[in-house]
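**Q**
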Amino acid sequence: MPAPTSFEPRRIIAKTVSGAGYESTFVLLNPSDASMSGMLVIGGVDVAYTIAARGVFVHEVPDNGEARVTRYAIVKPETGATPVLSSIVRARRPDGTLRTAAAWQSVEGTHFWAPVSTYPTMLRHGKIQYELDIVNEGPVPATVYLDHFDVDGKRRGRFERTLPIGTKAVLDLEHTFAVGRLRGSLRVFADSDVALTLLKKVTNVHGELVFSDVPLQEAPEGDTRTLTFPLFSDGDGHATEVVLVNPSTAATEGTLRIRDKTGETRTTILR
Numbered sequence: 006m007p008a009p010t011s012f013e014p015r016r017i018i019a020k021t022v023s024g025a026g027y028e029s030t031f032v033l034l035n036p037s038d039a040s041m042s043g044m045l046v047i048g049g050v051d052v053a054y055t056i057a058a059r060g061v062f063v064h065e066v067p068d069n070g071e072a073r074v075t076r077y078a079i080v081k082p083e084t085g086a087t088p089v090l091s092s093i094v095r096a097r098r099p100d101g102t103l104r105t106a107a108a109w110q111s112v113e114g115t116h117f118w119a120p121v122s123t124y125p126t127m128l129r130h131g132k133i134q135y136e137l138d139i140v141n142e143g144p145v146p147a148t149v150y151l152d153h154f155d156v157d158g159k160r161r162g163r164f165e166r167t168l169p170i171g172t173k174a175v176l177d178l179e180h181t182f183a184v185g186r187l188r189g190s191l192r193v194f195a196d197s198d199v200a201l202t203l204l205k206k207v208t209n210v211h212g213e214l215v216f217s218d219v220p221l222q223e224a225p226e227g228d229t230r231t232l233t234f235p236l237f238s239d240g241d242g243h244a245t246e247v248v249l250v251n252p253s254t255a256a257t258e259g260t261l262r263i264r265d266k267t268g269e270t271r272t273t274i275l276r
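Just so you know, the sequence shown maps onto residues 6 to 276 in the working numbering.
1) Can you find at least 3 beta carbon pairs, one from the segment 183-190 and one from the segment 156-164, that sit closer than 8 Å?
2) Going by DSSP, which residues form a beta bridge with P120?
3) Helix, strand or coil, according to DSSP, for T260 in the structure here?
4) Per DSSP, what kind of secondary structure is I18 in: helix, strand or coil?
5) Which residue marks the beginning of the beta strand (DSSP E) containing L45, and which one marks its end?
6) Tell me the rounded alpha-carbon separation between A119 and T267.
7) Mind checking who V140 pairs with in its DSSP beta bridge?
8) Can you tell me which of the three DSSP states T181 falls into?
9) Where does S238 fall in DSSP's three states?
10) At which residues does the beta strand (DSSP E) containing L214 begin and terminate?
11) Specify the secondary structure class of R98 as computed by DSSP and reduced to three states.
12) Spatial neighbours of L204 within its chain, please: CB distance less than 6 Å, with the 5 preceding and 5 following residues excluded, ordered by chain position.
13) So G162 is in the beta strand (DSSP E); what residue range does that whole segment cover?
14) Look at the Cβ atom of Y54, then the Cβ atom of G43, and state whether they are nearer than 8 Å.
15) Answer with buried or exposed for F237, where buried requires no fewer than 16 other C-beta atoms within 10 angstroms of its C-beta.
16) Please classify P88 as buried or exposed, where buried requires at least 16 other C-beta atoms within 10 Å of its C-beta.
17) Can you tell me where the beta strand (DSSP E) holding H153 begins and where it ends?
18) Can you tell me where the beta strand (DSSP E) holding A78 begins and where it ends?
19) Which of the three DSSP states, helix, strand or coil, is assigned to T87?
20) Would you mind reading off the limits of the beta strand (DSSP E) that contains R29?
21) Does DSSP put L103 in a helix, a strand or coil?
22) Please report the residue range of the beta strand (DSSP E) in which D265 lies.
23) Distance, Cα to Cα, S11 vs P82?
24) Take P9 and list the residues in its own chain whose beta-carbon comes closer than 8 Å to its own, dropping the five residues that flank it on each side.
25) Identify the continuous beta strand (DSSP E) that holds V63 and give its terminal residues.
26) Quick check: the segment 146-154 against the segment 188-202, are there 3 or more CB pairs under 8 Å?
27) When the distance is taken between beta carbons, is A200 closer than 8 Å to S111?
28) Suppose the cutoff is 6 Å on Cβ atoms and the five residues either side in sequence are ignored; what does the same chain contact list for T30 look like?
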């Protein structure tokens with residue numbers, strides 16, 4: 006992970022879950038050459054941290070056997086720069102085995118895109134839901150606009166919500182756009198910085214709820230010609246899903262190349 010060139014006064018993860026089989030791990034990374042300290046605030050509970058240069062701080066929130074609680078977390082630096090913040094949420098079955106897990110990083114800004122689809126596929130047959138968490142810890146109320154575009158780029162829905170200072174909203178996208186199914190892309194725009202997470206929930210063949218993080222992509226600046234992803238896995242129970250979103254107002258075209266470990270282009274069946 007590259008060291009950031011500048012630091013925000015605080016960092017936020019918009020979703021964390023614990024209790025009723027859920028547990029969370031918070032990882033604070035210091036990419037700088039100086040020590041740092043401050044507070045990790047999880048749902049109003051303060052956890053002090055001190056991190057040496059190039060060091061890591063890890064805090065666990067175990068399952069306490071009580072009702073599930075959904076909160077958000079804030080890093081408030083006191084000395085030095087602000088650490089990079091990420092978290093892992095795990096859900097376990099009653100026998101203690103792992104059912105599902107997702108990892109989040111702090112995502113804050115005003116303009117993001119993400120692919121969305123609640124239609125069943127060859128890989129996912131059960132019910133699919135998308136849940137967007139939005140937190141406003143800024144100095145002013147934030148108005149957030151959501152736009153749903155279909156696969157042809159036509160806007161199919163718009164939603165607007167104003168969040169007062171220090172508040173959070175949790176939105177189910179099908180309910181938000183008043184549709185039974187949705188497929189295409191989601192655009193999130195806010196008039197001031199907000200923190201976001203987008204969660205995909207799927208009911209698997211065993212009737213269990215599993216979830217995964219959907220990365221929110223910042224609106225691109227300028228013309229990007231090439232994007233490289235370092236990992237592609239297919240076969241032996243593994244599958245890679247590639248979704249392309251065009252956030253511009255003009256049609257675009259290009260080539261998707263899949264390479265093996267030696268860098269040679271390989272032929273792959275896409276379905």
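Ideal Cβ placement from N, Cα and C applies to all residues, glycine included.
**A** This is what the structure holds:
1) yes
2) S190
3) coil
4) strand
5) 41-47
6) 31 Å
7) K173, A200
8) helix
9) coil
10) 214-218
11) coil
12) E136, F216
13) 160-168
14) yes
15) exposed
16) buried
17) 147-154
18) 74-84
19) coil
20) Strictly speaking, residue 29 in this sequence is Ser, with Arg absent from that position. S29 -> beta strand (DSSP E) spans 27-34.
21) strand
22) Here D265 belongs to no beta strand (DSSP E), and DSSP marks it neither H nor E.
23) Note that S11 scores 41 on pLDDT, short of 50, meaning its location in the model is unreliable; the coordinates nonetheless yield the value given after this. The alpha-carbon atoms of S11 and P82 are separated by roughly 14 Å.
24) Model confidence at P9 stands at a pLDDT of 41, short of 50, so the residue's coordinates are unreliable; what they give is reported in the following sentence. Closer than 8 Å at Cβ, skipping near neighbours: P36, V89.
25) 61-66
26) yes
27) yes
28) E65, I93
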